[in-house]
Each structure stands twice: as structure tokens, then as C-alpha cells.
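Here the protein sequences come in this chain order: A and B. Mapping of the first sequence onto our numbering: position 131 corresponds to residue 906, and the numbering continues sequentially without gaps. Mapping of the second sequence onto our numbering: position 57 corresponds to residue 228, and the numbering continues sequentially without gaps. All C-beta atoms, glycine included, are put in the ideal place defined by N, C-alpha and C. Because the structure is a prediction, the values reported are computed rather than measured. Below: the structure, in C-alpha cells.
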Amino acid sequence: MTTREAIGIVAKRLKGELAVCTTGYTCRDMQAVSDRPGNFYMIGSMGLAASLGLGVALSKPRARVVIFDGDGAALMGLGNLPAIGTLAPANLIHVVFDNGVFASTGNQPTYSGSVPLDRLAAASGYRQVGRAGTPEELEREWDRIRNGAGPAFLLVKCRPDEGPPAERVRLEPEAITERFREAVHAS
Amino acid sequence: MKAPEQAQAPRLLLEALRSRGFDFFCGVADSTIASLISELGEDYLSATREDLAVGMASGAYLSGRRPVVLMQNSGLGYCLNALTSLNLIYKIPLLLIVGYRGYQGKDAPEHLVMGAHCEALLREVGIPVFVPEAGQAAEAVAEAAAVLRGQKIPAALFIRPGVL
């Protein structure tokens, strides 16, 4: 399962959830597979998608928030894990698409091969933790986690995509803000 | 002992913040602003690092809240990427309340370089800085809130030792 395929599987199962997407190819893949007003594309500030998603989840308890994170970004923002586990918004799902590399800068390796991020999440206090390595496991684990209370963590083992990357994020940052704010307000 | 009017300063600052609609408070503590954090009680969310507090507060803004991030000026270094590649370009306004360590070169060694340059550092990237005198923090909140509302960018309130 490539990263874009994995992102597509989760994206297609979203109902009204707000989706906060991390820096790099994750945003671009999400835009390519399922562009929608409830997507926040974080084109800079790597490592902060999880903290931004946490802020949305805490501020809007009735909405459901899904963080589309990467292994490099999750490792960069490791301090997010104890914050999410402790502040514990029940409406938050943190999905890490773990392809083991910094894909958008040329597939340089991260430490995720030797550090199991799902165990860090469990130790940090996430209420549910899952792991998937195939499309079938991902669908099953998503449905299981989606039906329980959060904060939940889903580690998706995937491989980097080959071939040309998806198109850059088309919206200007300020337009992303306005569109997402309206989507949050409506949810 | 603090003078009676100064003992009221944290409460007055918090009243000024609430009267301007600020309703989400997170950050990393500093002794200079510890009295404000005490005044906030359970309304204050402790972050693991200052840039993650900026991320949380930005999410709060996107959800219709009016956030404040509290920190020591040492944390500004961590925040520079968040402020420049998130808040300034996405037009996500935040009020930063920053403990001004190393002010006029009077502090422990680790505070001196940032203390000498933190105002210029923020102004250089386009973030307005307000450094109120004792008793003037509420006025500075009003000025900073006008920046946030008018330009949709962050602004910083630097709190020197003795102001709160």
C-alpha cells in the first residue's frame, strides 16, 4: 500500500470529519484524492498539524477531527503525543501515515523503522491505538477506532509513492483559513 | 511585598483580556507571567513546547476562539517557524504574552542574547510588539487586539519583570 493509496482509503471513509493535513506530500495527496472544505492543508510549520488538530478538537467538542500526519512530522512534534493523551479530547483521531521517509524532500529515512510510534501513543495516554499494514487492515482498524471514543491513534505502515508527486496545494493559505473556518463553524 | 496596585495587576490584565474576547489560553510557563497563569487557573492549558502552543492556539482560532499564547521569550526561537510559515501567511491572529527575560541585560546568562534581540526579531518578521509600563498592560491589550482584528496577524505583549 502506497502512502497516497492509504490516504485515499481514510479520506473516502470520512463523513463530516474535519481533516488537518501535515506538511509536504500529505497535503498534496489529500487534495488530489479528496479535496473538501473540511480539509486544512498545513503547507509550512512541519510538526504542528497534530497541535493544530488538538486545538480544533478542544475548541469544538461536537466536531470530529482527524489528523493526517506523517512519521517525520510526528517525530518532529513528539511533544504533541503527551499533550493529546493528557488533554484527551474524545473527538480526535490521529492517523500517522508511516512510510519511513521524508518523502517530499527525497525519501531520506526517518527513525520510524526503529521507534514504534503506536507504542509511544499508547504510553502517552491515547485511549485507543491501532496499526494497519494492508488496505484491509486499514479499513477494519479505521472502522473500529471510528466507532470508539478518542483520542485515538492509528499507525498506517505504507511505502512511498513512485512517479510524479501530486500537484501543489492550489489554494492560497489565507483562502485555506477562510474555507476551513467556515467548515468548522458549520460542523 | 508588592504594592497593592501591583498585586491587582494580574487580575486587571485578565479582565482586560476577557473584555476583548480572548477565551483560549495555552503556553509554557515563565516566572514573569506566573501570576497571570495562576489567575487563569484551569482555563490555562499547558503545552509541551512553545511552538506546539502556537499550533494549538491556531486550531482554536480556526474554531472561532480568540486565543492567547503565554511563554518566556526564550520560546520565541522555537516559534519563529510557526509564526512565519503558519500564522503570518494563513492570517491566523494570536496574542502572544511573553515574559521579557534579559531585559536591559539584567538576568542570567542564558537570557541575555534573546533579551537583547527579541523585540527586533519579531518586528523584523512583521509582528508588532508592545512593552507596557506597570499599570499600562490593559491599554496595551487594547492596542494589540486592534492589530489582531485589523490585520489578522499575531501581536506580542512583552511583560518585563515587575509589571505583573
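Close partners of G900(A) in chain B (Cβ separation under 8 Å) are lacking, with about 13 Å as the shortest Cβ gap. Of the candidates S256(B), S202(B), S229(B), S202(B) places its Cα closest to the Cα of Q243(B).
In terms of beta-carbon proximity, L223(B) lines the interface with chain A, with at least one pair separated by less than 8 Å.
If you look at F196(B), you'll find it in the beta strand (DSSP E) that goes 195–198. In the structure shown, G226(B) adopts helical secondary structure according to DSSP, grouped into three states.
A858, L862: these are the residues of the segment 858–891 of chain A whose beta carbon lies less than 7 Å from some beta carbon of chain B, given in chain order. With a threshold of 8 Å between beta carbons, Y261(B) makes contact with chain A. Beta-bridge partners of A907(A) (DSSP): V931(A).
Comparing alpha carbon positions, the residue from H869(A), G860(A), A961(A), L789(A) closest to G845(A) is H869(A). Going by DSSP, N855(A) is part of the alpha helix (DSSP H) stretching over 855–862.
For the pair A317(B) and E310(B), the Cα-to-Cα distance works out to about 11 Å. R956(A) belongs to the set of residues whose beta carbon lies under 8 Å from a beta carbon in chain B. Our two residues, A218(B) and K787(A), have alpha carbons roughly 33 Å apart in a direct line. At a cut-off of 8 Å between C-beta atoms, G235(B) counts as an interface residue with respect to chain A.
For M227(B), the C-beta contacts it makes with chain A under 8 Å involve S826, L827, L829, G830, L833, A858, in order along the chain.
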